[in-house]
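Notes to accompany the following structure.
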Amino acid sequence: MQIKIFDTNERPDIVLDLERLKTNCHGNLDVVAELLDHLLQKSAPRWIASLEEGVQSGDSEHLQGVCHAMKGAAATVFSWRISNLALEFEQLAHKGEVEILKQRIPDLQQAFAELAQWKTDNL
540 MQIKIFDTNE RPDIVLDLER LKTNCHGNLD VVAELLDHLL QKSAPRWIAS
590 LEEGVQSGDS EHLQGVCHAM KGAAATVFSW RISNLALEFE QLAHKGEVEI
640 LKQRIPDLQQ AFAELAQWKT DNL
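Structure, rendered in structure tokens:
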């Protein structure tokens with residue numbers, strides 16, 4: 540099996556590329572749902588809490604690490620909107636723009652809400 544490689548900022552206009560995710564899951568929608576459930580129910584709350592902690596402490600290095608992990612995990616399931624936001628957040632943290640990152644956390648929460656709604660509507 541050959542896994543397709545993706546580019547950074549691929550498809551920022553979509554919440555999730557289901558066809559590519561299904562391909563990587565051998566067409567098994569149960570696996571797709573399981574992956575999305577884990578992302579939404581386990582990872583997202585931890586990432587949001589960790590971002591809020593990093594913002595409170597002003598720890599740019601911590602924020603970069605959280606954003607990098609989130610970016611990769613979201614890209615792995617082809618959730619481009621979240622992956623691209625995480626990339627933006629990672630770049631903000633790298634530049635020390637903690638206050639801007641703090642102001643953008645609701646955008647990330649909205650992207651997770653959109654993914655949850657997409658899952659409800661499509662799976």
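Its first residue numbered 540, the sequence shown is counted upward by one per residue in my numbering. Built from N, CA and C at the ideal position, the CB exists for glycine as well. Here the structure is a predicted model, which means the values were calculated and not measured.
Here DSSP, grouped into helix, strand and coil, assigns Val-616 to coil. Going by DSSP, Val-594 is part of the alpha helix (DSSP H) stretching over 583 to 596. When the beta-carbon positions are compared, Ile-644 and Glu-600 stay at least 8 Å from each other. Taking 8 Å as the cut-off, the beta carbon of Gln-603 is found no closer than this to the beta carbon of Ala-583. Contact check for Val-605 against Leu-575 fails: the beta carbons are separated by 8 Å or more.
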